[in-house]
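*Asks:* Chains as they are written, first to last, in our numbering: chain A, 1 to 281; chain B, 1001 to 1114.
After the structure tokens below, expect a handful of questions from me.
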């Protein structure tokens, strides 16, 4: 673990560093003469740079330019640094400011002049807290990654099942449509139909067509989700006839697109992604 | 507030310090002598802000090195500067000067019994 001491007085930095370096559990001890120098360690001025890993901060309150409380507030607002425990180091005359320091995110404080035993005890507490926070964060991240993987697998399985089902439905449906076409269009070979039979056959043919369109759409959706279908962006506005003509969609699909344009898109122009196979018609 | 007689009228006095800071303690005392000179100059210029800052620093650091007297004098100096009390600042200057002149440092070394 590493500890960063932030104090504008060189003697205080030296004293704290000496006390902490004598304690085996302290790890590396870094020093900064100002809050701005501390920010450089934490990578707050150059996020792209590799920041020095800091596990705990001992922050003096009274410093020129930026005081310790404001620095604490800044550090606690940074994504990569907000979990670092900060212990304020304060003179007796500044104890009144501790409430503000705790509101800024400080976890503890030590009064000056610093007592070595107290300093080490407070630092060990802070380090124990940091280790526990890190352990819980890692556990939480691992749980999330596991759940994400499970969800991805479940989603993939679901998509594959949908694809299989719709594909399996298409085959007998095509056969039904074929037989209905033969029944309606080839009466000289299968025999004439009376008017009622004609109506029923045509009604069945239309409904089968609608069902086929829905199954084709489901198949396209599963191909889109598995990235096996290329998409071409097509712009269309509230006047969706343009969109329908470009897509070459049949009457049923045109109707559904028209409803979409009027209710969901309203007055704005929308980009409707359609499968490439539609635009080739 | 530190009374000038505490140090002015005393002889040598001893301060026991942690051996771990043996190497950095002389530097600390040197810095306090430099602070003393800075305070004298600041007082001539009525720069109470500098005196307050230096007093605050001594107040916070002295005891950590084992020099409780410097903490005490520093606190008094800081308050005197806040109050713009020239007389008290001068008295604290005298205290600090005497303290730095007469302090004797003894390193505490722990020994096992038996």
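Ideal Cβ positions, reconstructed from N, Cα and C, are used throughout, including at glycine.
A quick note: this is a predicted structure, and the numbers were derived from the prediction, not measured.
With a cut-off of 9 Å, does the C-beta of residue 11 (chain A) fall near any C-beta of chain B?
*Replies:* In the first chain, counting from the first residue as 1, residue 11 (chain A) sits at position 11. Answer yes: the Cβ-Cβ gap between residue 11 (chain A) and chain B drops below 9 Å somewhere.
*Asks:* Looking only at DSSP bridge pairs, what is residue 2 (chain A) linked to?
*Replies:* For the purposes of this step, residue 2 (chain A) is taken as residue 2 along the first chain, with counting starting at 1. For residue 2 (chain A), which the question treats as bridged, DSSP gives the partners A:28.
*Asks:* Along the chain, which unbroken stretches of the alpha helix (DSSP H) at least 4 residues long are found entirely within the stretch 139-184 of chain A?
*Replies:* none
*Asks:* For residue 1091 (chain B), return the contacting residues in chain A, with the cut-off set at a CB-CB distance below 9 Å.
*Replies:* Here residue 1091 (chain B) corresponds to residue number 91 of the second chain, with the count starting at 1. The premise fails here: residue 1091 (chain B) is roughly 20 Å from chain A at the closest Cβ pair, so nothing lies under 9 Å.
*Asks:* Starting from the beta carbon of residue 1011 (chain B), find every residue of chain A whose beta carbon is closer than 8 Å, and list them in chain order.
*Replies:* Sequence index remark: in the second chain, residue 1011 (chain B) carries index 11 (1-based). The premise fails here: residue 1011 (chain B) is roughly 25 Å from chain A at the closest Cβ pair, so nothing lies under 8 Å.
*Asks:* Using only the alpha-carbon positions, how far apart do residue 121 (chain A) and residue 129 (chain A) sit?
*Replies:* Residue numbering aside, residue 121 (chain A) sits at position 121 when the first chain is read from its first letter. Residue numbering aside, residue 129 (chain A) sits at position 129 when the first chain is read from its first letter. Using only the alpha carbons, I get a separation of about 13 Å.
*Asks:* With 9 Å as the threshold, decide whether the Cβ of residue 1027 (chain B) is near any Cβ in chain A.
*Replies:* Position 27 of the second chain, counted from the start, is the residue given in the question as residue 1027 (chain B). Yes - at least one Cβ of chain A is within 9 Å of the one on residue 1027 (chain B).
*Asks:* With which residues is residue 1014 (chain B) paired in a DSSP beta bridge?
*Replies:* Within the second chain, the letter at position 14 stands for residue 1014 (chain B). Bridge partners of residue 1014 (chain B): B:1104.
*Asks:* Give, in chain order, every residue of the stretch 57-75 of chain A whose Cβ lies closer than 7 Å to some Cβ of chain B.
*Replies:* In summary, the residues of the stretch 57-75 of chain A whose CB is separated from some CB of chain B by less than 7 Å are 62, in the order they occur in the chain.
*Asks:* Strictly below 9 Å CB to CB, what residues from chain A border residue 1065 (chain B)?
*Replies:* Numbered from 1 along the second chain, position 65 holds the residue referred to as residue 1065 (chain B). In chain order: 11, 15, 113.
*Asks:* From this set, B:1073, B:1066, B:1039, which residue's C-alpha is nearest residue 1026 (chain B)'s C-alpha?
*Replies:* In the second chain, residue 1026 (chain B) corresponds to position 26, counting from 1. Out of B:1073, B:1066, B:1039, B:1066 has the C-alpha closest to the C-alpha of residue 1026 (chain B).
*Asks:* Secondary structure at residue 1053 (chain B), three-state DSSP: helix, strand or coil?
*Replies:* The residue labelled residue 1053 (chain B) in the question sits at position 53 within the second chain. In this structure, residue 1053 (chain B) counts as helix in the three-state DSSP scheme.
*Asks:* Should residue 1058 (chain B) and residue 1077 (chain B) be called a contact, given that it needs their Cβ atoms to be closer than 9 Å?
*Replies:* Locating residue 1058 (chain B) in the second chain gives position 58, counting from the first residue. Locating residue 1077 (chain B) in the second chain gives position 77, counting from the first residue. Against a cut-off of 9 Å, the Cβ pair of residue 1077 (chain B) and residue 1058 (chain B) comes out as a contact.
*Asks:* Determine which residues share a DSSP beta bridge with residue 1046 (chain B) and list them.
*Replies:* Counting from 1 along the second chain, the entry for residue 1046 (chain B) is found at position 46. DSSP output for residue 1046 (chain B) lists no bridge partner at all.
*Asks:* Which residues in chain B sit within 7 Å of residue 22 (chain A), going by Cβ to Cβ distance?
*Replies:* Position 22 of the first chain, counted from the start, is the residue given in the question as residue 22 (chain A). Chain B residues near residue 22 (chain A): 1020.
*Asks:* Can you tell me the Cβ-Cβ gap for residue 84 (chain A) and residue 59 (chain A), rounded? I've got them flagged as a contact below 8 Å.
*Replies:* Sequence index remark: in the first chain, residue 84 (chain A) carries index 84 (1-based). Sequence index remark: in the first chain, residue 59 (chain A) carries index 59 (1-based). Actually they are not in contact, since the Cβ atoms of residue 84 (chain A) and residue 59 (chain A) sit about 10 Å apart, beyond 8 Å.
*Asks:* Assess, as a yes-or-no matter, whether the stretch 177-185 of chain A is touched by the stretch 197-206 of chain A under the definition of 3 or more beta carbon pairs within less than 8 Å.
*Replies:* yes
*Asks:* With 16 other CB atoms within 10 Å as the buried threshold, where does residue 1012 (chain B) fall?
*Replies:* What you label residue 1012 (chain B) is simply residue 12 of the second chain in a count that begins at 1. The residue is exposed, with fewer than 16 neighbouring Cβ atoms inside 10 Å.
*Asks:* Give the secondary structure of residue 1025 (chain B) by DSSP, where H, G and I count as helix, E and B as strand, and everything else as coil.
*Replies:* One-based indexing of the second chain puts residue 1025 (chain B) at position 25. Helix at residue 1025 (chain B).
*Asks:* How is the beta strand (DSSP E) around residue 58 (chain A) delimited, first residue to last?
*Replies:* Taking the first chain and counting its residues from 1, one reaches residue 58 (chain A) at position 58. First-last of the beta strand (DSSP E) with residue 58 (chain A): 56-60.
*Asks:* When the distance is taken between beta carbons, is residue 184 (chain A) closer than 9 Å to residue 208 (chain A)?
*Replies:* Indexing the first chain from 1 puts residue 208 (chain A) at position 208. Indexing the first chain from 1 puts residue 184 (chain A) at position 184. Against a cut-off of 9 Å, the Cβ pair of residue 184 (chain A) and residue 208 (chain A) comes out as no contact.
*Asks:* Using CA atoms only, rank isn't needed, just tell me which of A:227, A:115, A:90 is closest to residue 20 (chain A).
*Replies:* Position 20 of the first chain, counting from 1, holds the residue named residue 20 (chain A). Ranking A:227, A:115, A:90 by Cα distance to residue 20 (chain A) puts A:115 first.
*Asks:* Check distances from the C-beta atoms of the stretch 102-134 of chain A to those of chain B and list, in chain order, the residues that come in under 8 Å.
*Replies:* Going along the stretch 102-134 of chain A in chain order, one finds 112, 113, 114, 115, 116 with a Cβ nearer than 8 Å to chain B.
*Asks:* Any beta carbon from chain B within less than 9 Å of residue 91 (chain A)'s own beta carbon?
*Replies:* Here residue 91 (chain A) corresponds to residue number 91 of the first chain, with the count starting at 1. Yes, residue 91 (chain A) counts as interfacial toward chain B.
*Asks:* Using only CA atoms, which one of B:1028, B:1018, B:1015 lies nearest to residue 13 (chain A)?
*Replies:* Here the question's residue 13 (chain A) lines up with position 13 in the first chain. Nearest C-alpha to residue 13 (chain A): B:1028.
*Asks:* Using only the alpha-carbon positions, how far apart do residue 147 (chain A) and residue 9 (chain A) sit?
*Replies:* Looking up residue 147 (chain A) in the first chain gives position 147. Looking up residue 9 (chain A) in the first chain gives position 9. Rounded to whole angstroms, residue 147 (chain A) to residue 9 (chain A) spans 50 Å at the Cα level.
*Asks:* Just mark residue 233 (chain A) as buried or exposed, buried being the case when its beta carbon has 16 or more other beta carbons within 10 Å.
*Replies:* Residue 233 (chain A) sits at position 233 when you count from the first residue of the first chain. Classification of residue 233 (chain A): exposed, given that the 10 Å Cβ count is below 16.
*Asks:* Which partner residues of residue 88 (chain A) appear in the DSSP bridge assignment?
*Replies:* In the first chain, counting from the first residue as 1, residue 88 (chain A) sits at position 88. Paired residues: A:59, A:109.
*Asks:* Using a beta-carbon distance below 9 Å, is residue 39 (chain A) in contact with chain B?
*Replies:* Position 39 of the first chain, counting from 1, holds the residue named residue 39 (chain A). Closer than 9 Å: no.
*Asks:* Among B:1092, B:1106, B:1108, B:1105, which one has its Cα closest to the Cα of residue 1035 (chain B)?
*Replies:* On the second chain, residue 1035 (chain B) is found 35 positions in, with the first residue counted as 1. Taking only the C-alpha atoms, the option nearest residue 1035 (chain B) is B:1092.
*Asks:* Find out if the Cβ-Cβ distance for the pair residue 74 (chain A), residue 44 (chain A) is shorter than 9 Å.
*Replies:* Within the first chain, numbered from 1, the residue matching residue 74 (chain A) stands at position 74. Within the first chain, numbered from 1, the residue matching residue 44 (chain A) stands at position 44. Against a cut-off of 9 Å, the Cβ pair of residue 44 (chain A) and residue 74 (chain A) comes out as a contact.
*Asks:* Nearest chain B C-beta to residue 31 (chain A) closer than 9 Å, yes or no?
*Replies:* Stepping through the first chain from its first residue, residue 31 (chain A) is reached at position 31. With respect to chain B, the C-beta atom of residue 31 (chain A) has no partner C-beta closer than 9 Å.
*Asks:* Using beta-carbon positions only, say whether residue 1100 (chain B) and residue 1017 (chain B) come within less than 9 Å of one another.
*Replies:* Your numbering for residue 1100 (chain B) matches position 100 in the second chain. Your numbering for residue 1017 (chain B) matches position 17 in the second chain. Not closer than 9 Å, so no.
*Asks:* Check the Cβ-Cβ distances between residue 1024 (chain B) and every residue of chain A, and say whether any is below 9 Å.
*Replies:* As a position in the second chain, residue 1024 (chain B) is number 24, starting the count at 1. By this cut-off, residue 1024 (chain B) is an interface position.
*Asks:* So if I threshold CB-CB distances at 7 Å, which residues from the stretch 1046-1070 of chain B count as touching chain A?
*Replies:* 1056, 1057, 1059, 1060, 1061, 1062, 1063, 1064, 1065
*Asks:* Where do the ends of the alpha helix (DSSP H) carrying residue 219 (chain A) lie?
*Replies:* As a first step, residue 219 (chain A) is located in the first chain; it is residue number 219 there, counting from the start. Element bounds for residue 219 (chain A): 195-225.
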